[in-house]
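Read through the structure below, which is laid out as structure tokens, and then see the notes.
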Amino acid sequence: MRRGEQPPWIVSDRLWERVEPLLPAPRRRPGGRGRPRVADRKVLCGILFVPHTGVQWEFLPQELGFGSGMTCWRRLAEWNDAGVWRGLHELLLGELRGAGALDFRGR
1 MRRGEQPPWI VSDRLWERVE PLLPAPRRRP GGRGRPRVAD RKVLCGILFV
51 PHTGVQWEFL PQELGFGSGM TCWRRLAEWN DAGVWRGLHE LLLGELRGAG
101 ALDFRGR
């Protein structure tokens, strides 16, 4: 990582503009009890942190503000079930196609 660059797990505004509309509405907790919900954008950073660093979910550093590893893992599963990753994949492929940036010719 170059000086002044953001770490690759930090979600840029440009990426967030694409991801946020794909996310399901948060589920309401019965009686409004429990810990406050960690912001989706922070959780996405935590989800991206894991493969970039190789850290195990249970060792995700709390001081980074991404929520616990279990929170990130649950949200990853919830978003997967909701089709978020498939939708993001299709969206990004569409943008690349529109820009003429995909080449499916064999080498």
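Take 1 as the starting number for the sequence shown in UniProt numbering and just add one per residue. Every residue gets a Cβ at the ideal spot worked out from N, C-alpha and C, and that includes glycine. This one's a predicted model, so the numbers in the text were calculated from it and none came from an experiment.
For my contact list, residue i and residue j are in at a C-beta cut-off of 8 Å; report their separation, rounded to the angstrom.
i	j	result
GLY67	VAL43	6 Å
LEU88	ARG18	7 Å
ARG41	TRP16	6 Å
ARG37	PRO21	So it is not a contact: roughly 18 Å between Cβ atoms.
Run through DSSP, which three-state label would residue i get?
i	result
GLU5	coil
VAL43	helix
GLY106	coil
residue 140	Only positions 1 to 107 of the chain appear in the structure, and residue 140 is not among them; the question remains open.
Would you call the stretch 96 to 105 and the stretch 71 to 87 in contact, with 3 or more CB pairs under 8 Å? no
Count Cβ pairs between the stretch 38 to 47 and the stretch 55 to 75 that sit closer than 8 Å; are there 3 or more? yes
Inside the UniProt domain "Insertion element IS402-like" (11 to 89) only - alpha helix (DSSP H) runs reaching at least 4 residues: 13 to 19, 40 to 53, 69 to 81
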